[in-house]
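**Q** Below you'll find the structure I mean.
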Amino acid sequence: MKLFECQHCGQMLYFENTRCEKCGHVLGYLPERVVLSALVQDGDRWSPLADPERSSRFCANAQHQACNWLIPAEAAVMFCQACRLNRTIPNLGVPEHLPRWQRLESAKRRMVYGLLRLGLPIVDKAQDAERGLAFDFLADPDPTLRESPQVMTGHAEGLITVNVAEADDAERERRRQDMAEPYRTLLGHFRHEIGHYYWERLVRDGRWLEPFRSLFGDERRDYGAGLQAHHAAGPPADWPERYISGYASAHPWEDWAETWAHYLHLVDTLETAQAFNLRVSPEAGHDPALAAAAYFDPYRYDDFDAMVRTWLPLTYAVNSLNRSMGQPDLYPFVLAPAVVGKLRFVHDLIRMEGAAG
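What follows is the structure, encoded as structure tokens:
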């Protein structure tokens, strides 16, 4: 993720900020400009200092402190590009739903930021019912209603459903431990499920299908049986040699979604490292591969091998920093050669099919 700067006072800003803590200016994000801008109010409109000739207004979800994106003042729509993807939001009359939905929206906007930076197609179902994308943020029913099933997070033909309970840190941690997962976050959920969507958009019916099968396996094998076997017996003993996670071994679709999500993690984190001008040069050891500098924009960089060479030393450093604070590894993954090959496939596909350049 990029860092931003207040156009009025020069204060460093973060993507989620809504007000400059130094000068007090209200802030809004201009997705077309990829910039967080200080704003000057003009009635019910706002003039961004980053683009003074442009009259803007906030997405309608700003009234719930759930969005800081701007839309053109003359636009006929009420919601920004990210919020127009919502088909269902939770009942905000339930007190705990609002803060959980706000966290969901924050993670979703960060994901959409990355998709836009990569130039990937984003079309909502109102525009294209067959190939479009939509989100349902749903809460589990009253547990006293015995016949009502729990909400399952997942993807089906462009509709991504997320259980709002995942936005509760304690509940998400409980589920992570129950599933024996090393990593479980809201952002991870969004990136995983959007991977299923882009498999249908970019792989299923095109030139990438056969190369996908040769690398990830044949997705025509029984999906339900694969998940059932995984939950019953767990992943194979050698899964770290072939998969980014144990869950990825359940079926080629899940291998793809886990790999896709991991690629988005890698790119976004490398951009943050680049924004902070991070350099890693350990004082111990003599392997030059342990030194790295994030000097490139990973969203527009073709050399995947160079990205991995930069990525690995950074993960060693951040894991060591976490351990110094008594925290588990920030990056609890191992990139075996087979996994790097799958990540390279995702990279090549996005560079070919996206519009970034």
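All you need for this note's numbering is the position in the sequence shown, starting with 1, plus 9. We put the CB at the ideal spot given by N, CA and C, even for glycine.
1. Report the rounded CA-to-CA distance for Pro346 versus Pro40, giving the unit in angstroms.
2. Between the region 260 to 276 and the region 188 to 208, do three or more beta carbon pairs fall short of 8 Å?
3. Per DSSP, what are the beta-bridge partners of Glu14 in this structure?
4. Terminal residues of the continuous alpha helix (DSSP H) containing Arg54?
5. Beta-carbon separation of Trp78 and Tyr38 under 7 Å?
6. Exposed or buried, Val343, counting other C-beta atoms within 10 Å across all chains shown (16 or more means buried)?
7. Using 8 Å as the cut-off, can you tell me whether the region 170 to 182 makes contact with the region 216 to 232, which would need three or more C-beta pairs spanning the two stretches below that distance?
8. Check whether the region 303 to 310 and the region 269 to 289 are in contact - that is, three or more C-beta pairs closer than 8 Å.
9. Can you give me the Cβ contacts of Trp110 inside the same chain, cut-off strictly under 8 Å, excluding the 5 residues immediately before and after it?
10. Cα separation between Met370 and Arg96?
11. Going by the beta-carbon positions, is the gap between Gly363 and Leu125 smaller than 7 Å?
12. Would you tell me roughly how many angstroms separate the C-alpha atoms of Ala257 and Leu330, rounded to the nearest one?
13. Could you give the distance in angstroms between the alpha-carbon of Trp262 and the alpha-carbon of Gly350?
14. Let me know the secondary structure DSSP gives Leu129 once reduced to three states.
15. In whole angstroms, what is the alpha-carbon distance linking Leu369 and Pro341?
16. Can you tell me where the beta strand (DSSP E) holding Gln50 begins and where it ends?
17. Are there 16 or more other CB atoms within 10 angstroms of the CB of Glu202, so buried, or fewer, so exposed?
18. Cutting at 8 Å between CB atoms, please list the residues of its own chain near Glu250, excluding the five before and the five after it.
19. Note the first and the last residue of the continuous alpha helix (DSSP H) segment covering Val160.
20. Does the Cβ of Pro291 have 16 or more other Cβ atoms within 10 Å, making it buried, or fewer, making it exposed?
21. Using the DSSP secondary-structure output, state which residues sit across from Asp145 in a beta bridge.
22. Using DSSP with H/G/I as helix, E/B as strand and the rest coil, what is Val217?
23. In three-state terms, what does DSSP make of Tyr38?
**A** So, from the listed chains and residues:
1. 36 Å
2. yes
3. Met21
4. Where Arg54 is concerned, there is no enclosing alpha helix (DSSP H), although the beta strand (DSSP E) it sits in stretches over Arg54 to Pro57.
5. yes
6. Counting Cβ neighbours within 10 Å, Val343 comes out exposed, since fewer than 16 surround it.
7. no
8. yes
9. His73, Ala75, Ile98, Pro99, Leu101, Phe146, Val173 and Ala176
10. The requested residue 370 does not occur in the structure, where the chain is confined to residues 10 to 366.
11. no
12. 28 Å
13. 16 Å
14. coil
15. Outside the shown range of the chain (10 to 366) lies residue 369, about which nothing can therefore be said.
16. Val44 to Asp51
17. Glu202 comes out buried.
18. Ala345 and Ala347
19. It is not in any alpha helix (DSSP H) - Val160 carries neither H nor E in the DSSP assignment.
20. By the neighbour-count rule (16 or more Cβ atoms within 10 Å), Pro291 is not buried but exposed.
21. Thr97 and Thr170
22. Here residue 217 is Trp; the residue named in the question, Val, does not match the sequence. Three-state DSSP puts Trp217 in coil, outside helix and strand.
23. strand
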